[in-house]
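Visitor: First, the structure itself, so that you have it in front of you.
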Amino acid sequence: MTFSLYDASAPVFVNMLTNMRAWLDKAAAEKAEVDLLEARLAPDMKPLPAQYQMASDSAKNAIARLCGIAAPAMADTEASFAELKQRCDRTIAFIESADREALAASGDREVELLFPNGMGYRFTGRDYLTGFALPNFFFHATTAYAILRAQGVSMGKPDFLQHLGPPNIVPDA
28 MTFSLYDASA
38 PVFVNMLTNM
48 RAWLDKAAAE
58 KAEVDLLEAR
68 LAPDMKPLPA
78 QYQMASDSAK
88 NAIARLCGIA
98 APAMADTEAS
108 FAELKQRCDR
118 TIAFIESADR
128 EALAASGDRE
138 VELLFPNGMG
148 YRFTGRDYLT
158 GFALPNFFFH
168 ATTAYAILRA
178 QGVSMGKPDF
188 LQHLGPPNIV
198 PDA
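The numbering used here puts the first residue of the sequence shown at 28, with every later residue one more than the last.
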(Lines of atoms letter the chains of each structure in order from A; the text may use other names.)
(Lines give C-alpha, C1' and ligand atoms only; values in the text may rest on other atoms or scores of the structure.)
Protein backbone atom coordinates (compact mmCIF):
# COMPACT_ATOMS: atom_id res chain seq x y z
CA MET A 28 0.00 0.00 0.00
CA THR A 29 1.31 3.42 -0.98
CA PHE A 30 1.29 6.37 1.40
CA SER A 31 -0.37 9.19 -0.55
CA LEU A 32 -0.92 12.91 -0.24
CA TYR A 33 -4.44 12.03 0.86
CA ASP A 34 -3.00 10.05 3.79
CA ALA A 35 -0.67 12.93 4.68
CA SER A 36 -3.37 15.58 4.57
CA ALA A 37 -7.08 14.85 5.00
CA PRO A 38 -6.90 12.57 8.07
CA VAL A 39 -4.26 14.81 9.66
CA PHE A 40 -6.43 17.91 9.25
CA VAL A 41 -9.60 16.12 10.39
CA ASN A 42 -7.94 14.64 13.48
CA MET A 43 -6.54 17.96 14.67
CA LEU A 44 -9.70 19.94 13.92
CA THR A 45 -11.64 17.34 15.90
CA ASN A 46 -9.18 17.73 18.77
CA MET A 47 -9.43 21.53 18.56
CA ARG A 48 -13.20 21.29 18.72
CA ALA A 49 -12.93 19.25 21.93
CA TRP A 50 -10.55 21.80 23.49
CA LEU A 51 -13.37 24.33 23.40
CA ASP A 52 -15.61 22.04 25.46
CA LYS A 53 -12.87 21.62 28.03
CA ALA A 54 -12.20 25.36 28.08
CA ALA A 55 -15.90 26.19 28.51
CA ALA A 56 -16.14 23.84 31.48
CA GLU A 57 -13.26 25.59 33.25
CA LYS A 58 -13.15 29.25 32.22
CA ALA A 59 -15.40 32.11 31.20
CA GLU A 60 -15.77 32.04 27.42
CA VAL A 61 -15.77 35.83 27.20
CA ASP A 62 -12.29 35.96 28.76
CA LEU A 63 -10.87 33.35 26.39
CA LEU A 64 -12.23 34.86 23.18
CA GLU A 65 -9.86 37.82 23.38
CA ALA A 66 -6.91 35.86 24.79
CA ARG A 67 -3.67 35.87 22.83
CA LEU A 68 -0.07 34.89 23.50
CA ALA A 69 1.46 38.27 22.68
CA PRO A 70 0.04 41.72 21.93
CA ASP A 71 0.93 41.47 18.23
CA MET A 72 -0.68 38.04 17.77
CA LYS A 73 -4.26 37.34 16.78
CA PRO A 74 -6.68 36.14 19.51
CA LEU A 75 -8.07 32.63 19.97
CA PRO A 76 -10.92 32.81 17.41
CA ALA A 77 -8.52 33.94 14.69
CA GLN A 78 -6.25 30.97 15.41
CA TYR A 79 -9.22 28.64 14.84
CA GLN A 80 -10.21 30.54 11.70
CA MET A 81 -6.69 30.41 10.28
CA ALA A 82 -6.29 26.71 11.09
CA SER A 83 -9.61 26.10 9.32
CA ASP A 84 -8.54 28.22 6.34
CA SER A 85 -5.19 26.44 6.13
CA ALA A 86 -6.84 23.02 6.06
CA LYS A 87 -9.70 23.77 3.66
CA ASN A 88 -7.53 25.82 1.31
CA ALA A 89 -4.89 23.11 1.22
CA ILE A 90 -7.43 20.46 0.27
CA ALA A 91 -9.01 22.74 -2.34
CA ARG A 92 -5.70 23.76 -3.91
CA LEU A 93 -4.48 20.19 -4.04
CA CYS A 94 -7.73 18.98 -5.63
CA GLY A 95 -8.01 21.96 -7.99
CA ILE A 96 -11.40 23.02 -6.62
CA ALA A 97 -12.77 26.06 -4.81
CA ALA A 98 -12.70 26.09 -1.02
CA PRO A 99 -15.91 27.06 0.74
CA ALA A 100 -15.98 30.69 1.84
CA MET A 101 -16.13 31.25 5.58
CA ALA A 102 -16.50 34.83 6.78
CA ASP A 103 -14.30 34.78 9.92
CA THR A 104 -17.10 36.18 12.06
CA GLU A 105 -17.16 33.51 14.77
CA ALA A 106 -17.66 35.16 18.17
CA SER A 107 -18.45 32.20 20.44
CA PHE A 108 -17.23 28.70 21.16
CA ALA A 109 -20.39 27.32 19.55
CA GLU A 110 -19.61 29.18 16.33
CA LEU A 111 -15.96 28.05 16.39
CA LYS A 112 -17.10 24.44 16.82
CA GLN A 113 -19.46 24.87 13.86
CA ARG A 114 -16.52 26.22 11.85
CA CYS A 115 -14.52 23.11 12.71
CA ASP A 116 -17.49 20.94 11.70
CA ARG A 117 -17.93 22.73 8.35
CA THR A 118 -14.22 22.44 7.61
CA ILE A 119 -14.17 18.76 8.48
CA ALA A 120 -17.24 18.15 6.28
CA PHE A 121 -15.53 19.87 3.34
CA ILE A 122 -12.33 17.87 3.80
CA GLU A 123 -14.27 14.61 4.04
CA SER A 124 -16.15 15.48 0.84
CA ALA A 125 -12.95 15.89 -1.19
CA ASP A 126 -12.21 13.41 -3.96
CA ARG A 127 -9.76 10.98 -2.35
CA GLU A 128 -8.23 9.95 -5.68
CA ALA A 129 -7.75 13.54 -6.88
CA LEU A 130 -6.09 14.42 -3.60
CA ALA A 131 -3.89 11.32 -3.64
CA ALA A 132 -2.73 12.14 -7.18
CA SER A 133 -1.97 15.81 -6.51
CA GLY A 134 1.75 15.48 -5.76
CA ASP A 135 2.85 16.97 -9.07
CA ARG A 136 -0.03 19.46 -9.41
CA GLU A 137 1.20 23.05 -9.60
CA VAL A 138 -0.05 25.09 -6.66
CA GLU A 139 0.22 28.88 -6.67
CA LEU A 140 -0.09 30.69 -3.39
CA LEU A 141 -0.53 34.43 -3.92
CA PHE A 142 -0.60 37.04 -1.19
CA PRO A 143 -2.66 40.25 -1.35
CA ASN A 144 0.47 42.25 -2.31
CA GLY A 145 0.88 40.09 -5.44
CA MET A 146 3.89 38.16 -4.17
CA GLY A 147 3.69 34.46 -3.49
CA TYR A 148 5.03 31.00 -4.10
CA ARG A 149 4.75 28.33 -6.75
CA PHE A 150 4.97 24.74 -5.49
CA THR A 151 4.31 21.20 -6.55
CA GLY A 152 1.42 19.77 -4.54
CA ARG A 153 3.82 17.65 -2.53
CA ASP A 154 6.04 20.61 -1.63
CA TYR A 155 3.04 22.84 -0.90
CA LEU A 156 1.56 20.32 1.53
CA THR A 157 4.78 19.47 3.35
CA GLY A 158 6.54 22.83 3.18
CA PHE A 159 3.68 25.26 3.71
CA ALA A 160 0.18 23.89 4.35
CA LEU A 161 0.90 21.45 7.17
CA PRO A 162 3.41 23.71 9.00
CA ASN A 163 1.03 26.69 8.72
CA PHE A 164 -1.93 24.62 9.92
CA PHE A 165 -0.02 23.29 12.92
CA PHE A 166 1.29 26.77 13.75
CA HIS A 167 -2.29 27.95 14.26
CA ALA A 168 -3.47 24.76 15.99
CA THR A 169 -0.52 24.89 18.38
CA THR A 170 -1.06 28.60 19.02
CA ALA A 171 -4.73 27.97 19.88
CA TYR A 172 -3.64 25.19 22.25
CA ALA A 173 -0.98 27.44 23.82
CA ILE A 174 -3.47 30.29 24.32
CA LEU A 175 -5.82 27.98 26.19
CA ARG A 176 -2.98 26.57 28.29
CA ALA A 177 -1.67 30.05 29.07
CA GLN A 178 -5.16 31.01 30.25
CA GLY A 179 -5.16 28.12 32.72
CA VAL A 180 -7.25 25.54 30.88
CA SER A 181 -6.10 22.16 32.18
CA MET A 182 -4.94 20.59 28.95
CA GLY A 183 -1.89 18.50 28.22
CA LYS A 184 -0.34 16.49 25.44
CA PRO A 185 -3.13 13.85 25.61
CA ASP A 186 -5.58 16.61 24.58
CA PHE A 187 -3.35 17.64 21.67
CA LEU A 188 -3.10 14.00 20.56
CA GLN A 189 -6.53 12.84 21.70
CA HIS A 190 -7.28 11.41 18.26
CA LEU A 191 -4.97 8.53 19.23
CA GLY A 192 -7.31 7.41 22.01
CA PRO A 193 -5.98 5.36 24.91
CA PRO A 194 -2.68 3.50 24.45
CA ASN A 195 -3.05 0.28 22.50
CA ILE A 196 -0.03 -1.35 24.12
CA VAL A 197 -0.61 -2.23 27.74
CA PRO A 198 2.02 -4.12 29.73
CA ASP A 199 1.01 -7.40 31.30
CA ALA A 200 -0.07 -7.04 34.92
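C-beta: ideal position from N, C-alpha, C; glycine also.
Owing to the predicted nature of the structure, the values given are computational and were not obtained by experimental measurement.
Are the stretch 176-187 and the stretch 63-81 touching, with three or more C-beta to C-beta distances below 8 Å?
Guide: yes
Visitor: Once the 5 residues before and after Ala-160 are set aside, which same chain residues still bring their CB inside 7 Å of it?
Guide: Ser-85 and Ala-89
Visitor: Beta-carbon separation of Ser-107 and Glu-57 under 8 Å?
Guide: no
Visitor: Does the stretch 94-104 come close enough to the stretch 128-135 that 3 or more CB-CB pairs lie under 8 Å?
Guide: yes
Visitor: Please determine, among Lys-184, His-167, Lys-112 and Arg-153, the residue with the shortest C-alpha to C-alpha distance to Ala-35.
Guide: Arg-153
Visitor: Buried or exposed for Asn-46, going by 16 or more other Cβ atoms inside 10 Å?
Guide: buried
Visitor: Alpha carbon to alpha carbon, how far is Ala-55 from Ala-109? Give it in angstroms, no decimals.
Guide: Between Ala-109 and Ala-55, the C-alpha separation is close to 10 Å.
Visitor: Within 10 Å of its beta-carbon, does Ile-119 have 16 or more other beta-carbons around it, so buried, or fewer, so exposed?
Guide: buried
Visitor: Taking DSSP as the reference, what is the three-state secondary structure of Glu-128?
Guide: helix
Visitor: For the alpha helix (DSSP H) that Phe-166 lies in, which residues bound it at each end?
Guide: 161-177
Visitor: Can you tell me the Cβ-Cβ gap for Ala-172 and Phe-150, rounded? I've got them flagged as a contact below 8 Å.
Guide: Strictly speaking, residue 172 in this sequence is Tyr, with Ala absent from that position. Contact flag wrong, Cβ pair sits at about 27 Å.
Visitor: Can you tell me where the alpha helix (DSSP H) holding Gly-152 begins and where it ends?
Guide: 152-155
Visitor: How long is the line joining the alpha carbons of Pro-193 and Pro-185, rounded to whole angstroms?
Guide: 9 Å
Visitor: Use the C-beta contact count for Ala-102: other C-beta atoms within 10 angstroms, 16 or more gives buried, fewer gives exposed.
Guide: By the neighbour-count rule (16 or more Cβ atoms within 10 Å), Ala-102 is not buried but exposed.
Visitor: I need the boundaries of the beta strand (DSSP E) containing Val-138, first residue and last residue.
Guide: Run containing Val-138: 137-141, per the beta strand (DSSP E) assignment.
Visitor: Along the alpha helix (DSSP H) that carries Lys-58, what are the first and last residues, could you check?
Guide: Unbroken run through Lys-58: none, as it is neither H nor E.
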